[in-house]
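Letter by letter, the sequence shown follows residues 1 to 189 in this note's numbering. Every residue, glycine too, gets a C-beta built ideally from N, C-alpha and C. One structure is given below, encoded as structure tokens.
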Amino acid sequence: MKTTAIKQMTAEHRHIETVIKSLEGAAAALEDRQRLDVEKLRKVAEFLRVYADRRHHQREEVLFFPVLVKRGVPGQGCPLGGLNHEHEKSRALLAALEERIAFYEQERPGADQVLQQALREIVKLYQHHLWMEDAMVFPLAEKVISEDDDRELLGKFADLDRAIGPGVIARLEQFAGGLSLRAEPIPAA
Ligand SMILES: [Fe+2]
Ligand SMILES: [Fe+2]
């Protein structure tokens, strides 16, 4: 059974992946001493905070992973313990990114380098994380979760979306879709 909850989360991964590829391009552009569009960087940070973390990670941490645990997947260790840990780490990296975007905007000495480092750390973490879930956790979940589990998850996903605001989610998905899938630099404004 290809469950709808997993289809939704897989589709979210593709939006997140698009944004992560643009960050890879932004880090390469910084290395080439190109100037980045600060407004666009702030929108990327908003996307990561609201869409990737508040929506997607909450869906996984609070709703989806507990269903897997209920169906016999260990809550600690590999893979769920590691994935929860990476969600936490992504929040710390995002806080660092937001701080470094501000340094960059203020043109502080060395801001390019520390911003580049923050971008690369986020890219590395997300690439590994998305791969683990797509290749290991979702296929495992397909085997263990029931149709009732899926229906329950979809109801709770919708509740969470209502709390965030469907307009906000649509706007952020549109933003991600407007970024190129190729790893190209975020151009200067
Ligand atoms: Fe995750
Ligand atoms: Fe995920």
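Outcome for ALA27 when other beta-carbon atoms lying within 10 angstroms are tallied against a minimum of 16
buried
Skipping 5 residues on each side, what residues in its chain have a beta carbon closer than 6 Å to that of THR10?
none
Mind checking GLU12: buried by the 16 CB within 10 Å criterion, or exposed?
Buried.
Let's test the definition: count the other Cβ atoms within 10 Å of the Cβ of GLU39 and tell me whether it reaches 16, buried, or not, exposed.
exposed
Are the segment 132 to 150 and the segment 93 to 113 touching, with three or more C-beta to C-beta distances below 8 Å?
no
Compare the beta carbon distance of LEU93 and ALA118 with 8 Å and say whether it is the shorter of the two.
yes
Would you kindly report the start and end of the unbroken alpha helix (DSSP H) that includes PRO79?
Note, PRO79: premise wrong, no alpha helix (DSSP H); not H, not E.
Can you tell me the Cα-Cα spacing of ARG171 and ARG162, whole angstroms?
The C-alpha of ARG162 is placed about 14 Å away from the C-alpha of ARG171.
Rounding to the nearest angstrom, what Cα-Cα distance links THR3 and GLU17 in this structure?
21 Å
Going by C-alpha distance, which of ARG151, ASP159 and ALA176 is nearest VAL67?
ARG151
Please list the segments of the alpha helix (DSSP H) lying wholly inside the segment 7 to 64, counting only runs of 4 or more residues, in order along the chain.
Those alpha helix (DSSP H) runs which fall completely within the segment 7 to 64 and span 4+ residues are 38 to 46.
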